[in-house]
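The sequence shown begins at 11 in our numbering and counts up by one. In this text, a Cβ means the ideal position worked out from N, Cα and C, and glycines have one as well. Keep in mind it's a predicted model, so treat the numbers as computed, not measured. Comments concern the structure below.
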Amino acid sequence: LSKLPLKKVQTTKPSNLLMADYLKNSGTMGSSTEIQSAKAVARKIFELYDKDRSSNLENYEIGPMMQDAYKCMNRNFSPSKLDVESYAKILDRNGDGKVTLADIEALCIRYLCG
């Protein structure tokens, strides 16, 4: 292991660096700035997929979100009804049966802020 080259961590945000990597490498873990950044990411995600502007992500809106996530990994995926229902339960962080902006914010804070 001692012969492995060390990878330099970037602290500026290049355009091709993923937001999660940027936040983890920015040196501000847990700061209010980091949390606000994670909430901004959540808001963009939520606005992109809440097509009917109902303030909830419905199952028909969650399917495309899942497909896009897999496309980012260069994989094609057509989620079944059960896949979408299962993922909706994961997204519903507070267990109220609805996927709201607050749920997406909680997930982004958890995964982007550590």
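Does any residue of chain B bring its CB to less than 8 Å from the CB of residue i?
i	result
Lys91	Protein chains in the displayed structure number just one, and chain B is not present.
Give the C-beta separation of residue i and residue j to the nearest angstrom, bearing in mind that I take them to be a contact with Cβ-Cβ under 8 Å.
i	j	result
Lys108	Asn66	5 Å
Leu101	Leu117	7 Å
Val94	Met76	7 Å
Considering only residues of the same chain and omitting the five flanking positions on each side of residue i, which have a CB-CB separation below 8 Å?
i	result
Ala98	Leu67, Asn69, Ile72, Val109
Tyr59	Leu67, Glu71, Ile72, Pro74, Met75
Leu11	Low local confidence applies: a pLDDT of 40 at Leu11 is under 50, so the model's placement there is unreliable, with the coordinate-based value given in what follows. Same-chain partners within the cutoff: there are none.
What's the call for residue i, buried or exposed, on a 16-neighbour Cβ count within 10 Å?
i	result
Glu44	buried
Gly37	Note that Gly37 scores 48 on pLDDT, short of 50, meaning its location in the model is unreliable and no value can be drawn from it.
Phe87	exposed
Asn26	Residue confidence is low: Asn26 scores 42 on pLDDT, short of 50, so the model does not pin down where it sits. Its coordinate-derived value is still stated next. The residue in question, Asn26, is exposed, as its Cβ has fewer than 16 Cβ neighbours within 10 Å.
Leu122	buried
In chain order, what residues of the same chain have a beta carbon less than 6 Å from the beta carbon of residue i, not counting five sequence neighbours either side?
i	result
Glu115	Lys49, Ala52
Leu111	Phe56
Tell me which residue opens and which closes the alpha helix (DSSP H) that residue i is part of.
i	result
Leu117	111–122
Gly73	69–82
Phe56	42–59
Asp93	91–101
Ordered along the chain, which non-local residues of its own chain (more than five positions away) have a Cβ less than 7 Å from that of residue i?
i	result
Arg103	Asp113, Ala116, Leu117
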